[in-house]
Amino acid sequence: MRRKVSNPLALAVLAFLVMGPQHPYELGKQLKETGKDRDIKYNRGSLYMVFEQLLKAGFVTEQETVKDTQRPERTVYALTDTGRDELYDWMRELVRDPVHEYPQFGVALSLISVLDPAETVELLHTRAAALTKVLDDTRAMVAKATGDGVEWIFLVEEDYRISVLEAELRLVEKLTGELSQADYQRRWHEVFGRNT
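Quick note on numbering: the sequence shown equals residues 2 to 197 in my numbering.
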């Protein structure tokens with residue numbers, strides 16, 4: 002389905018507005034404080050642009066403009082009924098329907114045969130070490146959050162991240178072993194060695 006606004010940041014804005022009207026700056030602070038910025042890339046300019054797109058699409062409305070003596074005028078936005086419908090429809094689609102994504106590592110794997118196997122093994126060892134560090138850091142963050150009383154449902158994206166990282170690490174280790182085999186290295190040099 003083609004959506005009027007398809008940016009993942011827009012989905013996050015709609016989800017946060019379910020809890021009540023907000024100013025973009027405050028919503029941005031909440032994205033950072035809750036760690037959602039680990040999954041949703043944004044900056045201040047892109048956040049304001051998404052609010053404008055959502056306003057134009059009829060998914061949010063300007064609820065009020067607040068003026069106090071210390072800050073410039075701030076517009077507070079609220080979710081419309083159409084925006085609420087869009088949020089739930091979009092979320093259902095994302096949870097229900099698998100889609101093919103194009104991660105950069107997948108691109109590299111599809112073309113990896115052009116690299117010398119010995120060099121590739123070194124690169125994969127480096128990647129494995131980096132993946133292990135990210136896994137350790139993520140597990141520590143989840144353990145701390147759980148210890149601080151954060152409910153598991155608010156950490157489910159981190160469980161997903163851990164599962165994906167573990168699967169990638171297993172693949173990297175398997176691939177490293179296969180590329181290290183003398184038979185593969187000999188065949189690679191017969192095909193590609195003269196072109197490097």
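The beta carbon of each residue, even a glycine, is placed where N, CA and C say it ideally should be.
It should be emphasised that the depicted structure is a prediction, and the values quoted were computed from it without experimental measurement.
Exercise for the section: Taking 8 Å as the cut-off, decide whether the C-beta atoms of Tyr78 and Val61 are in contact. Expected result: yes
Problem - Ala79 - partner residues in DSSP beta bridges - result: Thr62
Handout entry: Which of helix, strand or coil DSSP assigns to Gln23
Key = strand
Exercise for the section: Report, in whole angstroms, the separation of the C-beta atoms of Lys37 and Ala58, which I expect to be a contact under 8 Å. Expected result: Rounded, the Cβ-Cβ distance is 21 Å, inconsistent with contact.
Exercise for the section: Would you give the residue range spanned by the alpha helix (DSSP H) that Lys134 belongs to? Expected result: 118 to 148
Practice task
Count the other CB atoms, across all protein chains shown, that sit within 10 Å of the CB of Gly107; report buried if there are 16 or more and exposed otherwise.
Solution key: exposed
Exercise for the section: Would you check if there are 3 or more beta carbon pairs closer than 8 Å linking the region 179 to 197 to the region 114 to 133? Expected result: yes
Handout entry: Other residues of its chain near Gln64: CB distance less than 6 Å, five sequence neighbours each side excluded
Key = Pro22, Val77, Ala79
Handout entry: Residues near Asp126 by beta carbon distance below 8 Å, same chain, minus five either side
Key = Sequence inspection shows His at residue 126; the Asp mentioned does not correspond to that position. So the qualifying residues of the chain are Thr177.
Problem - For Leu170, the nearest candidate out of Glu87, Val67, Val135, Trp91 (CA to CA) - result: Val135
Practice task
With DSSP collapsed to three states, give me the class of Val6.
Solution key: coil
Handout entry: Exposed unless 16 or more other CB atoms sit within 10 angstroms - verdict on Pro99
Key = exposed
Problem - For Arg85 and Val164, the rounded distance between their alpha carbons - result: The amino acid at residue 164 is misidentified as Val; the sequence shows Ser. In a straight line, the C-alpha of Ser164 is about 31 Å away from that of Arg85.
Exercise for the section: Measure the alpha-carbon distance for Asn44 versus Tyr185 and round it to whole angstroms. Expected result: 46 Å
Problem - Alpha-carbon to alpha-carbon, Arg188 and Lys145 - result: 49 Å
Exercise for the section: State yes or no: is the C-beta of Asp40 within less than 8 Å of the C-beta of Glu158? Expected result: yes
Handout entry: Endpoints, the alpha helix (DSSP H) within which Asp160 is located
Key = 157 to 180
Problem - Whether Leu55 touches Ala16 by CB criterion (8 Å) - result: no
Handout entry: Whether Ala130 touches Glu174 by CB criterion (8 Å)
Key = no
Exercise for the section: Go ahead and pull the three-state DSSP assignment for Val151. Expected result: coil
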